[in-house]
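I have placed the structure first, in the form of structure tokens, so that the comments after it can refer back to it.
2 protein chains.
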Amino acid sequence: MRRPAPRVKPAPTLRAKTEARPYHHGELKSAVLDAAETILEMEGVDALTLRAVARMVGVSHTAPKNHFGDLQGLLSELAAVGYRRFGAALDSKGADPRQRMKAMGLAYVAFARAHPNLFLLMYRGDRLDVNLPSLRDAIEATRQSLRNATTSVAPDVPLAPLQLAARATASWALVHGFAMLLLDGRLRHTLASLPGEVDANTLLEAVLDATRVND
Amino acid sequence: MRRPAPRVKPAPTLRAKTEARPYHHGELKSAVLDAAETILEMEGVDALTLRAVARMVGVSHTAPKNHFGDLQGLLSELAAVGYRRFGAALDSKGADPRQRMKAMGLAYVAFARAHPNLFLLMYRGDRLDVNLPSLRDAIEATRQSLRNATTSVAPDVPLAPLQLAARATASWALVHGFAMLLLDGRLRHTLASLPGEVDANTLLEAVLDATRVND
DNA sequence: GCGAAATATTTCCAGTGTAAATATTGGGCA
DNA sequence: TGCCCAATATTTACACTGGAAATATTTCGC
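Those protein sequences? They're chains A and B, same order as listed. Quick note on numbering: the working numbering labels position 199 of the first sequence as 199, and the sequence is numbered without any gaps. Throughout, the working numbering is defined as the position within the second sequence, counted from one, plus 1000.
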């Protein structure tokens, strides 16, 4: 139903106090993603609200709905961006497969440390819509990258599928667990108790060196 | 400042429609913790709000403040409860140290699967106050349990502190990473791709068997 | 038994996500 | 070229949240 005709004119809705922005942003989707990433990195996922993003971009708080649906959609697209960067960061060239595996482990944790909030978001299945095609594809690509690196380390003897899967899973779980524990502050005590100034990276190297994923 | 004196009587504040509960609950703290755990397990941490808990217990939504301060305080106390149970679940008796370690790994993931939301909360440092004494103590006790199990596996040769810490950290990271990946659904694809009906526990056993944390 | 401290309620406020109605604009098609 | 429709953005409204502050009730130490 229509509103009754205004008496004189709809009143310019006192928008554009100082500058006159166009009604349509034009690049809202990417602008929102950029703003979302900024807020995420600086203030954490809890501060990443639709309204905060909209404020930063300078649009109404419901504008992002057209591009992302809801907050979960926005977070999912942002996570997809994260996974694409993650995959790129993991793609370490190298001759020796075993050496490449170690480099990948270091890169895995390095990414988590460089972008902690983004990394944590990427593994917050409860806030993501993993059926979103862009996210699903990005996750799958990363998973394949990780898997390929482990299978490139040829086993001494032919292995059953379960044992092959176990190797890949073990490598993934090891670095993932390290990253999660580190980000959650659970390794602080361990690091502090070591003599000298032991960096998390030093501990990680020792962990990788001490672990043999094979038979 | 006082309100003006009521005309006749303060009107029974139409509380207690059917039954007349006492003003003071009496066991509010434990009742709130129980309700919080129920909500957490059934609906996840996002549904675990002060108001939802208060509704379930049947008190005003600010009543828990006296016992927990704020929501973070409630979540922290709940996590402490979780850690105490976790520690008990991990304490597996056994003769052979190596066998005990494996049992501990299985128990670690079994707990995570049995109480996924509680387990996830326990590792959500962003929502917990790790300086809360009860939580800090519970965490520390668990950490020591884990640490002791790994150091009980005597090394063939004397090891430097860094290498000792690396062994303990590696074991922890491996099972923790497995649990996190599993709860986040990241192992679904791997499990589905294996021939036959492979349970997550079967994969975990294969992972533990395929991994040697030593030199 | 009485006053202070503990416990619980009421009221209020600033945020939040989302739905629905409305407004504006650009692009496809006559 | 002009016009209508779909895409995009705003406004408004609502139900929820955590928390502060004032108030009410009860328990407990003395």
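Note that CB positions come from ideal geometry on N, CA and C, so glycine has one too. Note that this is a predicted model, so its numbers are computed, not measured.
Cross-strand partners of residue i (DSSP beta bridge)
i, result
"A/Val-213", "B/Thr-1211"
Residues near residue i by beta carbon distance below 6 Å, same chain, minus five either side
i, result
"B/Glu-1205", "none"
"B/Val-1198", "Leu-1191"
"B/Gly-1087", "Ala-1141, Thr-1142, Ser-1145"
"B/Leu-1224", "No answer is possible for residue 1224 of chain B: it lies beyond the span of chain B, which begins at 1001 and ends at 1215."
"B/Ile-1139", "Tyr-1083"
"A/Glu-41", "Asn-117"
"A/Phe-111", "Phe-86, Ala-89"
"B/Val-1213", "Arg-1167, Ala-1170, Ser-1171"
Beta-carbon contacts of residue i that lie in its chain and below 7 Å, excluding the five residues immediately before and after
i, result
"B/Ala-1079", "Leu-1121, Met-1122, Leu-1128, Leu-1135"
"A/His-61", "Leu-50, Arg-51, Ala-54"
"B/His-1067", "Leu-1028, Lys-1029, Val-1032"
"A/Met-180", "none"
"A/Val-221", "With chain A running from 1 to 215 in the structure shown, residue 221 of chain A is simply not present."
"A/Ala-35", "Val-53, Met-56, Val-57"
"B/Gly-1196", "none"
"A/Leu-71", "Leu-50"
Beta-carbon proximity list for residue i, same chain, < 8 Å, skipping 5 on both sides
i, result
"A/Leu-203", "Leu-187, Thr-190, Leu-191, Leu-194"
"B/Tyr-1023", "Any answer about B/Tyr-1023 is weak, because its pLDDT of 49 lies below 50 and its placement is not dependable; what the coordinates show is given next. The answer is none, since no qualifying residue turns up."
"A/Val-45", "Leu-75, Asn-117, Leu-120, Leu-121, Arg-124, Arg-127"
"B/Thr-1211", "Leu-1174"
"A/Val-207", "Leu-174, Phe-178"
"A/Ala-168", "Leu-146, Arg-147, Thr-150, Thr-151"
"A/Gly-130", "According to the sequence shown, residue 130 of chain A is Val rather than Gly. Closer than 8 Å at Cβ, skipping near neighbours: Ser-76, Arg-136, Ile-139."
"B/Val-1109", "Val-1175, Phe-1178, Ala-1179, Leu-1182, Ala-1200, Asn-1201, Leu-1204"
"A/Gly-105", "Ser-171, Leu-174, Val-175, Leu-204, Leu-208"
"B/Ala-1165", "none"
"A/Leu-132", "Gly-73, Ser-76, Glu-77, Ala-80"
"A/Glu-37", "Leu-78, Val-81, Leu-118"
"B/Ile-1039", "Ala-1047, Leu-1048, Ala-1052, Val-1053, Met-1056"
"A/Asp-184", "none"
For the pair the segment 147-159 of chain A and the segment 101-121 of chain A, tell me if three or more CB-CB distances fall below 8 Å.
For the pair of segments examined, the segment 147-159 of chain A was found to touch the segment 101-121 of chain A: the number of CB pairs separated by less than 8 Å reaches three.
May I ask you to verify whether the segment 83-93 of chain A touches the segment 152-163 of chain A, counting CB pairs closer than 8 Å and requiring at least 3?
No: fewer than three Cβ pairs fall under 8 Å.
For the segment 35-51 of chain A, which residues have a beta carbon sitting closer than 9 Å to at least one beta carbon of chain B?
Near chain B, meaning a CB-to-CB distance below 9 Å, the residues of the segment 35-51 of chain A are Gly-44, Val-45, Asp-46.
Can you give, in chain order, each stretch of the alpha helix (DSSP H) that sits fully within the segment 1067-1129 of chain B and has at least 4 residues?
With a minimum length of 4 residues, the unbroken runs of alpha helix (DSSP H) contained wholly in the segment 1067-1129 of chain B fall at 1071-1090, 1097-1114, 1116-1122.
For a minimum of 3 consecutive residues, which ranges assigned as the beta strand (DSSP E) are wholly contained in the segment 131-214 of chain A?
List check, beta strand (DSSP E) in window: 211-213.
Can you give me, in chain order, the residues of the segment 1178-1192 of chain B that have a beta carbon less than 7 Å from any beta carbon in chain A?
Residues Phe-1178, Met-1180, Leu-1181, Asp-1184, Gly-1185, Leu-1187, His-1189, Thr-1190.
Could you please tell me which residues of the segment 73-100 of chain A, in chain order, have their CB closer than 9 Å to any CB of chain B?
If you check each beta-carbon in the segment 73-100 of chain A against every beta-carbon of chain B, none falls closer than 9 Å.
Using a Cβ-Cβ cut-off of less than 7 Å, list which residues of the segment 1133-1159 of chain B approach chain A; keep chain order.
Answer set for the segment 1133-1159 of chain B: Arg-1143.
What ranges does the beta strand (DSSP E) occupy inside the segment 38-69 of chain A, keeping only unbroken runs of at least 3 residues that lie completely in it?
Considered as a whole, the segment 38-69 of chain A harbours no complete run of any beta strand (DSSP E) with no fewer than 3 residues.
Using a Cβ-Cβ cut-off of less than 7 Å, list which residues of the segment 96-126 of chain A approach chain B; keep chain order.
Residues of the segment 96-126 of chain A with a C-beta less than 7 Å from any C-beta of chain B: Tyr-123, Gly-125, Asp-126, listed in chain order.
Closer than 9 Å, Cβ to Cβ, to anything on chain A: give me those residues from the segment 1202-1213 of chain B, in chain order.
Flagged, chain order: Thr-1202, Leu-1203, Leu-1204, Glu-1205, Ala-1206, Val-1207, Leu-1208, Asp-1209, Ala-1210, Thr-1211, Arg-1212, Val-1213.
Taking only beta carbons into account, state which residues of the segment 59-73 of chain A come closer than 7 Å to chain B, listed in chain order.
Listed by position, the residues of the segment 59-73 of chain A near chain B (Cβ gap below 7 Å) amount to none.
Please list the residues of the segment 162-174 of chain A that have a C-beta atom closer than 8 Å to any C-beta atom in chain B, keeping them in chain order.
Of all residues in the segment 162-174 of chain A, the ones placed with a Cβ closer than 8 Å to any Cβ belonging to chain B are Leu-162, Gln-163, Ala-165, Ala-166, Arg-167, Ala-168, Thr-169, Ala-170, Trp-172, Ala-173, Leu-174, in chain order.
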